[in-house]
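Asker: Here you go, one structure.
Chains as they are written, first to last, in my numbering: chain D, 1 to 462; chain A, 1 to 233.
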């Protein structure tokens with residue numbers, strides 16, 4: 001969901017840049033227009049300057065030709081009001097007929113401030129009286145009451161900033177309201193896409209502007225769910241099948257083992273017959289172990305083996321396995337030596353006790369199975385800063401480089417993605433690998449320093 | 001060797017008659033002859049009323065119920081040891097069985113010797129002699145009085161020493177790990193008590209051994225644990 005704040009930041013940045021450019025452009029346009037509009041000079045200035053140009057002659061008053069031409073070009077007219085009589089004593093030829101000839105003081109005040117009969121008028125002081133210029137009605141609009149509060153003018157910059165800020169806040173508010181609606185619609189879409197990536201099932205409400213997109217995401221999720229269900233069904237059926245078969249074999253196998261074992265110890269039989277019975281016992285025990293391993297391996301492979309991970313002292317677990325092997329007195333041919341440093345008494349790991357016992361048992365049993373003539377098995381635990389290493393090694397026949405490479409790199413046929421029955425190693429080692437994997441660990445296989453085979457389980461410390 | 005528990009009444013319950021026949025044959029060869037069999041729960045309960053078994057071997061999957069239910073029913077009237085002998089090898093089933101009070105859980109296929117060993121261990125534990133004395137090389141332990149008798153002197157045992165010796169005695173002749181002994185003395189997850197255990201073992205040796213420096217009854221198995229060895233009767 002990190003993308004939402006990112007999206008908001010980007011939108012805000014775009015908004016601020018837009019606002020800045022918008023204001024800049026407007027000020028620029030305003031500046032150009034005002035400059036154009038005042039190109040002919042201010043009408044107040046014109047009135048003052050023209051008033052000064054008015055001359056008194058013997059025949060009355062006169063203006064120079066250039067000024068008269070300019071006034072004509074603008075459609076403007078002018079007249080002079082005598083200071084004493086308040087009457088027009090001079091005027092241009094184009095003075096409209098309905099312009100009064102005499103003005104009271106209040107008329108003069110009106111025309112100075114604003115208009116004579118809707119004609120905008122401007123006055124200038126002449127040494128002969130009041131000089132008035134009138135413009136066409138649509139030439140200027142005059143502000144007649146240009147009086148401002150003193151403090152308003154004094155605080156104008158502050159007021160301007162305040163107004164600007166209020167405007168900005170308003171725009172922001174409008175923006176937040178509108179964009180939050182958009183984000184509200186986008187949020188479930190983004191959450192949906194993220195959930196798909198995390199292999200989770202999702203269903204987004206198919207409403208709003210992104211309804212079509214939501215529909216497509218829901219559809220994709222349904223397809224993925226269905227595929228997952230089919231895969232799970234297949235895996236469960238496979239694991240159940242193995243579990244069912246192994247269960248069904250157990251009872252008849254018990255009878256084979258039970259009776260064969262009795263025959264093996266029956267002194268009325270000949271040695272040859274008892275030996276044959278012993279072979280049946282040994283091989284049926286092998287089948288028994290094999291179905292147990294097959295069942296566990298398939299369950300671990302398809303995540304159907306319930307695991308309970310608790311903080312456990314791995315030293316105690318491994319020590320118990322070693323003691324159990326010694327207590328059942330496997331055979332004098334096999335010796336087990338505990339090589340763990342006596343100072344290392346606690347090594348805490350998040351582990352499933354039973355599975356870890358099984359993994360270490362498998363490694364010890366592996367050494368026994370592959371050394372018919374006997375061997376010494378060494379069990380060693382050591383720790384690093386982050387890991388715990390359980391090593392089971394022996395001084396037996398060991399394995400060639402090629403065999404070790406095969407064990408390390410060739411998957412067991414049970415977990416292979418192509419058809420093969422070439423076995424890199426037995427189910428026992430596969431189970432050890434799977435158990436290590438359940439504990440977020442791994443295993444390594446190599447030559448033992450004692451001359452035989454060595455397998456290590458590496459687990460992260462808790 | 002004579003089977004001192006041969007007179008015990010044993011109830012076998014399994015829906016497979018062939019398994020029942022085989023079990024009878026195995027038990028007969030060990031001297032057990034007081035055996036009754038049932039193929040379902042109803043039959044087993046009816047039989048238990050009249051036969052009053054002292055030991056039972058039950059299958060879990062029965063046509064009219066399961067072995068767990070049957071054990072609960074059986075133990076309501078008489079409390080005697082029960083072993084489950086089943087094709088169900090899942091941990092959950094084992095935990096359930098032990099949780100309900102089963103004395104052992106054996107998954108098929110099994111070796112007859114394994115069944116007999118486990119059965120004898122349970123019988124020994126359940127119907128042990130009333131004699132609480134354990135004769136060692138140089139002394140006698142009296143578990144009931146929590147004391148050791150050496151050279152006619154009665155030496156008391158502390159609670160921890162008693163617990164440690166009891167666990168060792170229950171596993172007579174077998175190695176008991178350092179961790180299991182620590183658990184017996186200090187409860188679950190006893191990390192870092194190895195040195196204290198060594199001190200207790202040393203004190204026990206001074207009480208039970210003639211020469212504690214060279215012990216003959218309480219033997220150390222380097223790095224793994226200790227073993228209690230008794231004088232053969």
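Note that beta-carbon positions come from the ideal geometry of N, C-alpha and C, so glycine has one too.
Should residue 39 of chain A be flagged as near chain D, meaning a C-beta pair shorter than 8 Å?
Answerer: No, residue 39 of chain A does not count as interfacial toward chain D.
Asker: Under a Cβ-count criterion, where at least 16 other Cβ atoms within 10 Å of its own Cβ denotes burial, should residue 154 of chain A be classed as buried or exposed?
Answerer: exposed
Asker: Taking residue 134 of chain A and residue 230 of chain A to be in contact with their CB atoms under 8 Å, please state how far apart those CB atoms are, rounded to whole angstroms.
Answerer: 6 Å
Asker: What are the start and end residues of the beta strand (DSSP E) that includes residue 394 of chain D?
Answerer: 387-394
Asker: Assign residue 156 of chain A to one of three DSSP states: helix, strand, or coil.
Answerer: strand
Asker: If you draw a straight line from the alpha carbon of residue 47 of chain A to that of residue 332 of chain D, how long is it in whole angstroms?
Answerer: 46 Å
Asker: So if I threshold CB-CB distances at 7 Å, which residues from the segment 250-279 of chain D count as touching chain A?
Answerer: 250, 251, 253, 254, 255, 257, 258, 259, 261, 262
Asker: Am I right that residue 125 of chain A and residue 53 of chain A are in contact with their C-beta atoms under 8 Å? What's the rounded C-beta distance?
Answerer: The pair is not a contact, with the Cβ atoms about 17 Å apart (cut-off 8 Å).
Asker: How would you list, in chain order, the residues of chain D whose beta-carbon sits under 7 Å from the beta-carbon of residue 55 of chain A?
Answerer: None at all; the shortest Cβ gap to chain D is about 18 Å.
Asker: What separation, rounded to the nearest whole angstrom, lies between the Cα atoms of residue 99 of chain A and residue 210 of chain A?
Answerer: About 43 Å.
Asker: Once DSSP output is grouped into helix, strand and coil, what is the label at residue 36 of chain A?
Answerer: strand
Asker: Within 10 angstroms of the Cβ of residue 407 of chain D, are there 16 or more other Cβ atoms? Answer buried if so, exposed if not.
Answerer: buried
Asker: Can a CB atom of chain D be found closer than 8 Å to the CB of residue 99 of chain A?
Answerer: no
Asker: Taking three-plus beta-carbon pairs below 8 Å as touching, is the segment 369-387 of chain D in contact with the segment 308-321 of chain D?
Answerer: yes
Asker: Give the residues from the segment 339-358 of chain D that approach chain A closer than 7 Å (Cβ to any Cβ), ordered along the chain.
Answerer: 340, 342, 345, 346, 354
Asker: Report the residue from A/190, A/97, A/25 whose alpha carbon sits nearest the alpha carbon of residue 34 of chain A.
Answerer: A/25
Asker: Between which two residues does the alpha helix (DSSP H) holding residue 44 of chain D run?
Answerer: 43-53
Asker: Under 7 Å Cβ-Cβ, which residues of chain D neighbour residue 71 of chain A?
Answerer: Ordered by position in chain D, no residue passes the 7 Å Cβ test against residue 71 of chain A, which lies about 20 Å from the chain.
Asker: Consult DSSP for residue 350 of chain D and reduce its assignment to one of helix, strand or coil.
Answerer: strand
Asker: Within 8 Å, do at least three Cβ pairs link the segment 227-236 of chain D to the segment 277-286 of chain D?
Answerer: no
Asker: Which whole-angstrom value describes the C-beta separation of residue 92 of chain D and residue 68 of chain D, a residue pair presumed to lie in contact below a C-beta threshold of 8 Å?
Answerer: 7 Å
Asker: Could you tell me whether the Cβ atoms of residue 128 of chain D and residue 71 of chain D are closer together than 8 Å?
Answerer: no
Asker: For residue 288 of chain D, return the contacting residues in chain A, with the cut-off set at a CB-CB distance below 7 Å.
Answerer: Within chain A, the residues placing a beta-carbon under 7 Å from that of residue 288 of chain D are 109, ordered along the chain.
Asker: Can you give the beta carbon distance from residue 260 of chain D to residue 280 of chain D, rounded, assuming they're within the 8 Å contact cut?
Answerer: 4 Å
Asker: Comparing alpha-carbon positions, which option in D/173, D/58, D/66, D/327 lies nearest residue 49 of chain D?
Answerer: D/66
Asker: Could you pull out every residue in the same chain whose Cβ sits closer than 7 Å to the Cβ of residue 59 of chain A, ignoring the five residues on either side in sequence?
Answerer: 13, 14, 15, 67, 85, 86
Asker: Please confirm whether residue 316 of chain D has its beta-carbon closer than 8 Å to some beta-carbon of chain A.
Answerer: yes
Asker: Looking at chain D, which residues of the segment 188-221 of chain A have a Cβ within less than 8 Å of any of its Cβ atoms?
Answerer: 189, 191, 192, 194, 221
Asker: Give the list of continuous beta strand (DSSP E) stretches no shorter than 3 residues that lie fully inside the segment 78-140 of chain A.
Answerer: Secondary structure within the segment 78-140 of chain A: the beta strand (DSSP E) runs of 3 or more consecutive residues, fully enclosed, are 82-86, 104-107, 133-135 (chain order).
Asker: Can you grab the Cα-Cα spacing for the pair residue 259 of chain A / residue 45 of chain A, in whole Å?
Answerer: Outside the shown range of chain A, which is 1 to 233, sits residue 259 of chain A, and nothing can be said about it.
Asker: Distance, Cα to Cα, residue 391 of chain D vs residue 398 of chain D?
Answerer: 15 Å
Asker: For the 8 Å Cβ check, are there 3 or more pairs between the segment 352-368 of chain D and the segment 427-446 of chain D?
Answerer: yes
Asker: Quickly, what does DSSP pair residue 380 of chain D with across the bridge? List them, please.
Answerer: D/391
Asker: Applying the criterion that 16 or more other CB atoms from any shown protein chain within 10 Å of the CB defines a buried residue, is residue 16 of chain D buried or exposed?
Answerer: Classification of residue 16 of chain D: exposed, given that the 10 Å Cβ count is below 16.
Asker: In chain A, which residues lie with their C-beta within 9 Å of the C-beta of residue 449 of chain D?
Answerer: Going along chain A, no residue has its Cβ under 9 Å from residue 449 of chain D, so there is no contact; the nearest lies around 18 Å.
Asker: Which residues in chain A sit within 8 Å of residue 320 of chain D, going by Cβ to Cβ distance?
Answerer: 177, 179, 180
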